[in-house]
Amino acid sequence: MKNILLIVLILSVISCDKKTKEYILISGSIKNANVNLDLSQNSDKLAISSRDKEPIHNIIINKDGTFKDTLYLDKSHYSLYYEGEKAFIYLKPGDELKITFDIENFDNTLTFLGRGSEENNYLIQKVLLEYNLGDLNMKSLAKLGETEFIEKVNHIRRELMAFLDTQKTLSKEFKELEIKRIEYEWVNRLNQYEPYKQYVDKNPDFKVSSIFPQVPKELVNYENEKLLNIKPYQVFIRNHYNYLGVVEKKKNTLLNTDLAYFKAVSLHAKKSVVKNYLLFKKAMYGINGTNEIEDYYKTFMAASTNKEHRDYITNKYNQLTSKPKPGMYSPEFTNYESPDGQVYSLSDFKGKILYLDIWATWCTPCKKEFPHLKKLEKKYKNENIQFLSISIDKLQAKEKWKELIKEKNLGGIQLLADKDWNSDFIKKYAIKGSGIPRFILIDSNGKIIDSDTKRPSDPKLIEILDDLIGKSGSS
Numbered sequence: 009m010k011n012i013l014l015i016v017l018i019l020s021v022i023s024c025d026k027k028t029k030e031y032i033l034i035s036g037s038i039k040n041a042n043v044n045l046d047l048s049q050n051s052d053k054l055a056i057s058s059r060d061k062e063p064i065h066n067i068i069i070n071k072d073g074t075f076k077d078t079l080y081l082d083k084s085h086y087s088l089y090y091e092g093e094k095a096f097i098y099l100k101p102g103d104e105l106k107i108t109f110d111i112e113n114f115d116n117t118l119t120f121l122g123r124g125s126e127e128n129n130y131l132i133q134k135v136l137l138e139y140n141l142g143d144l145n146m147k148s149l150a151k152l153g154e155t156e157f158i159e160k161v162n163h164i165r166r167e168l169m170a171f172l173d174t175q176k177t178l179s180k181e182f183k184e185l186e187i188k189r190i191e192y193e194w195v196n197r198l199n200q201y202e203p204y205k206q207y208v209d210k211n212p213d214f215k216v217s218s219i220f221p222q223v224p225k226e227l228v229n230y231e232n233e234k235l236l237n238i239k240p241y242q243v244f245i246r247n248h249y250n251y252l253g254v255v256e257k258k259k260n261t262l263l264n265t266d267l268a269y270f271k272a273v274s275l276h277a278k279k280s281v282v283k284n285y286l287l288f289k290k291a292m293y294g295i296n297g298t299n300e301i302e303d304y305y306k307t308f309m310a311a312s313t314n315k316e317h318r319d320y321i322t323n324k325y326n327q328l329t330s331k332p333k334p335g336m337y338s339p340e341f342t343n344y345e346s347p348d349g350q351v352y353s354l355s356d357f358k359g360k361i362l363y364l365d366i367w368a369t370w371c372t373p374c375k376k377e378f379p380h381l382k383k384l385e386k387k388y389k390n391e392n393i394q395f396l397s398i399s400i401d402k403l404q405a406k407e408k409w410k411e412l413i414k415e416k417n418l419g420g421i422q423l424l425a426d427k428d429w430n431s432d433f434i435k436k437y438a439i440k441g442s443g444i445p446r447f448i449l450i451d452s453n454g455k456i457i458d459s460d461t462k463r464p465s466d467p468k469l470i471e472i473l474d475d476l477i478g479k480s481g482s483s
């Protein structure tokens, strides 16, 4: 049985304009909730947060799985998350929404009742319709020939529009937004066909024919701040500015790709809300991986005029610039527990090269690295390299962690961090700022080689490890 840990309602984008916040009543119940409590607790929590940010509101979940609270939020779109499960949700001021689901069968039991339920039940049905329309992944769609692809995406658009038209109880405003959402999903598929076709066919010279549909002129608008809550529109304008960034980089090849993007946005985006959104969306992820963090931070701060965005990126910058650097001794961890109850500290591995994997059971990208990690463990089993995986799952999820290790037959040494994200070891490496999976390489003396090294799936990692054990160039 799943442990009830956290449900996150994540705001798609920051509200486009300042409006008076009105209340939203949220209540509900979770069937089969198994809230594991320590003596100081009597509940677990739901949390409201902006995308990729700390929660801004917590909703108490009682021992019996029920919850109720009043929220004061700007009107916007949200996503509902629970332990890796996800559903789109629409909240607007004045809603009185009751949410129920069975944690053992989330997809088939999620239901909404009360004021605001019409839009949310429509979204559930829409997801089921999309599922029945087949594989809508662009890699799959790009395998189709041009004519077949055009027929397919037009069919998807017609079916979604027809289904929306049958929904007579939806609010006018929501329906208008849904029409735009469907239109921009269609536009994005058209725009992405050529590059994806080049990729899947391994033919960089592929070009669509002269009769390939063009984007309707009425949809070629990169400054519509009212549509910034719609993900397909976000993708549409970001792709446009990615292209303009490439143009800027061709003018100045010394520019970092993201810095070229910032320049393109600063030059071409006219409306401040759109401009700030584009800058922030790029920076909130890009700052984690840049090798030019000083220039990156200064360029963003010079371009952005949104205080909340600037504060968020400043906080990330401070985290990243204070994290341990190559050549420094690694932060320590002490008495982390393994599935069989043994405890380990970092000092136990002195004398070995350490490849650390920071992960969690709810992290899908983490789990995708498992097969590649197993291959590495097999390849280097006779070498002085220790593969060490540290989960940041909550202690309440310990049994789930153990079950997954057994189910996936994970190797190396598996450990559970003592305080999930709040463990000192995790905080000192600023892992929360950059996310997981995260891989760390430490030498046999306990000094950091790379605090954010290559993933197991990256072929370059083998070159790095071979070099460390004096086998560079060997297979």
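For the sequence shown, the working numbering begins at 9 and goes up steadily by one. Note that the Cβ used here is the ideal one computed from N, Cα and C, for glycine as well. This structure is a prediction, so every number in the text was calculated from the model and none was measured.
#1: Whole angstroms are fine: how far does the CA of I238 sit from the CA of V228?
#2: Can you tell me whether V195 is buried or exposed? The criterion is at least 16 other CB atoms within 10 Å of its CB, across all chains shown.
#3: With DSSP as the reference, label V208 as helix, strand or coil.
#4: For I111, does the three-state DSSP call read helix, strand or coil?
#5: Is Y352 helix, strand or coil by DSSP?
#6: What residue range is occupied by the uninterrupted alpha helix (DSSP H) comprising Y251?
#7: Compare the Cα-Cα distances from L449 to each of K205, Q133, I470 and report the closest residue.
#8: If you drop the 5 nearest sequence neighbours on each side, which residues of the same chain put their C-beta closer than 6 Å to that of K383?
#9: Would you say Y285 and L236 are within 7 Å of each other, going by their C-beta atoms?
#10: For a test of the three-state rule: what should DSSP assign to N44, helix, strand or coil?
#11: With burial defined as no fewer than 16 other Cβ atoms inside 10 Å of the residue's Cβ, what is the status of G142: buried or exposed?
#12: Measuring straight from C-alpha to C-alpha, what distance separates V254 and F270?
#13: What residues are listed by DSSP as bridge partners for T119?
#14: Are the beta-carbon atoms belonging to I400 and I456 less than 7 Å from one another?
#15: If you draw a straight line from the C-alpha of K416 to the C-alpha of K376, how long is it?
#16: Kindly indicate which three-state DSSP category G36 falls into: helix, strand or coil?
#17: Kindly give me the distance between the Cβ atoms of L79 and I34, rounded to whole angstroms, as I take these residues to be in contact under 8 Å.
#18: Roughly how many whole angstroms lie between the Cα atoms of K410 and N430?
#19: Use the C-beta contact count for T307: other C-beta atoms within 10 angstroms, 16 or more gives buried, fewer gives exposed.
#20: With a threshold of 16 other CB atoms inside 10 Å of the CB of Q133, please say whether the residue is buried or exposed.
#21: How about I413 and Q422: are their beta carbons less than 7 Å apart?
#22: As an exercise, report each continuous alpha helix (DSSP H) stretch of at least 4 residues that is fully enclosed by the stretch 138 to 203, in chain order.
#23: Do D171 and L137 have their C-beta atoms closer together than 7 Å?
#24: For A268, I'd like the list of residues in its chain whose CB is within less than 6 Å of its CB, leaving aside the five on either flank, ordered along the chain.
#25: Which residue comes first and which comes last in the alpha helix (DSSP H) that contains W367?
#26: Put D458 into one of helix, strand or coil per three-state DSSP.
#27: Please report the straight-line C-alpha distance between D77 and I32, rounded to a whole angstrom.
#28: What does a CB cutoff of less than 8 Å around A438 pick up in its chain, not counting 5 residues either side in sequence?
#29: Alpha carbon to alpha carbon, how far is K188 from G443?
#30: Does the stretch 378 to 394 come close enough to the stretch 462 to 478 that 3 or more CB-CB pairs lie under 8 Å?
#31: Can you tell me which of the three DSSP states L473 falls into?
Considering the structure as presented:
#1: Against the sequence shown, residue 228 aligns to sequence position 220. Against the sequence shown, residue 238 aligns to sequence position 230. Approximately 15 Å, taken between the alpha carbons.
#2: Within the sequence shown, the letter at position 187 stands for residue 195. Burial check for V195: the Cβ neighbour count within 10 Å reaches 16 or more, so the residue is buried.
#3: In the sequence shown, the residue the question calls residue 208 occupies position 200. Correct three-state label for V208: helix.
#4: Here residue 111 refers to the residue found at position 103 when the sequence shown is read from its first residue. Secondary structure of I111 (DSSP, three-state): coil.
#5: As a working mapping, residue 352 is identified with position 344 in the sequence shown. The DSSP-derived three-state label of Y352 is strand.
#6: Within the sequence shown, the letter at position 243 stands for residue 251. Residues 239 to 259.
#7: In the sequence shown, counting from the first residue as 1, residue 449 sits at position 441. Of the listed residues, the one whose Cα sits closest to L449 is I470.
#8: Sequence index remark: in the sequence shown, residue 383 carries index 375 (1-based). So no residue of the chain qualifies.
#9: Start at 1 with the first residue of the sequence shown, and residue 285 comes out as number 277. Start at 1 with the first residue of the sequence shown, and residue 236 comes out as number 228. A contact, by the Cβ cut-off of 7 Å.
#10: What you label residue 44 is simply residue 36 of the sequence shown in a count that begins at 1. A caution first: N44 carries a pLDDT of 36, below 50, which makes its placement in the model too unreliable to give a value.
#11: By 1-based counting over the sequence shown, the position of residue 142 is 134. For G142, the number of other beta carbons within 10 angstroms of its own is below 16, and it is reported as exposed.
#12: For the purposes of this step, residue 254 is taken as the residue at position 246 of the sequence shown. For the purposes of this step, residue 270 is taken as the residue at position 262 of the sequence shown. Rounded to the nearest angstrom, the two C-alpha atoms are 11 Å apart.
#13: Counted from its first residue, the sequence shown places residue 119 at position 111. Answer is T108, bridged to T119.
#14: Residue 400 sits at position 392 when you count from the first residue of the sequence shown. Residue 456 sits at position 448 when you count from the first residue of the sequence shown. No; because the gap between Cβ atoms is not below 7 Å, this pair is not in contact.
#15: Residue mapping note: residue 416 aligns to position 408 of the sequence shown, counting from 1. Residue mapping note: residue 376 aligns to position 368 of the sequence shown, counting from 1. C-alpha separation (whole angstroms): 11 Å.
#16: What you label residue 36 is simply residue 28 of the sequence shown in a count that begins at 1. Residue state, collapsed to three classes: strand.
#17: On the sequence shown, residue 79 is found 71 positions in, with the first residue counted as 1. On the sequence shown, residue 34 is found 26 positions in, with the first residue counted as 1. Contact annotation, L79 with I34: C-beta distance approximately 6 Å; criterion of less than 8 Å satisfied.
#18: As a working note, residue 410 is residue 402 in the sequence shown. As a working note, residue 430 is residue 422 in the sequence shown. Approximately 21 Å, taken between the alpha carbons.
#19: Position 299 of the sequence shown holds residue 307. Around the beta-carbon of T307, 16 or more other beta-carbon atoms lie within 10 Å, marking it buried.
#20: Residue 133 sits at position 125 when you count from the first residue of the sequence shown. Label assigned to Q133: exposed.
#21: Position 405 of the sequence shown, counted from the first residue, corresponds to residue 413. Position 414 of the sequence shown, counted from the first residue, corresponds to residue 422. In this structure, the beta-carbon distance from I413 to Q422 falls below 7 Å.
#22: The stretch 138 to 203 contains these whole alpha helix (DSSP H) runs: 146 to 149, 154 to 173.
#23: Residue mapping note: residue 171 aligns to position 163 of the sequence shown, counting from 1. Residue mapping note: residue 137 aligns to position 129 of the sequence shown, counting from 1. Checking the sequence, you will find Phe at residue 171 rather than Asp. Less than 7 Å divides the Cβ of F171 from the Cβ of L137.
#24: Position 260 of the sequence shown holds residue 268. Contacts found: G253, E256, K257.
#25: For the purposes of this step, residue 367 is identified with residue 359 of the sequence shown, where counting begins at 1. Counting along the chain, W367 falls outside any alpha helix (DSSP H), though it belongs to the beta strand (DSSP E) covering 361 to 367.
#26: Here residue 458 refers to the residue found at position 450 when the sequence shown is read from its first residue. Residue state, collapsed to three classes: strand.
#27: If you number the sequence shown from 1, residue 77 lands on position 69. If you number the sequence shown from 1, residue 32 lands on position 24. I32 has its alpha-carbon roughly 8 Å from the corresponding atom of D77.
#28: In the sequence shown, counting from the first residue as 1, residue 438 sits at position 430. Same-chain partners within the cutoff: Q327, L328, S330, K331.
#29: Along the sequence shown, one-based indexing puts residue 188 at 180. Along the sequence shown, one-based indexing puts residue 443 at 435. Taking the straight line from one Cα to the other gives about 32 Å.
#30: Yes, the stretch 462 to 478 is in contact with the stretch 378 to 394.
#31: Position 465 of the sequence shown holds residue 473. Helix at L473.
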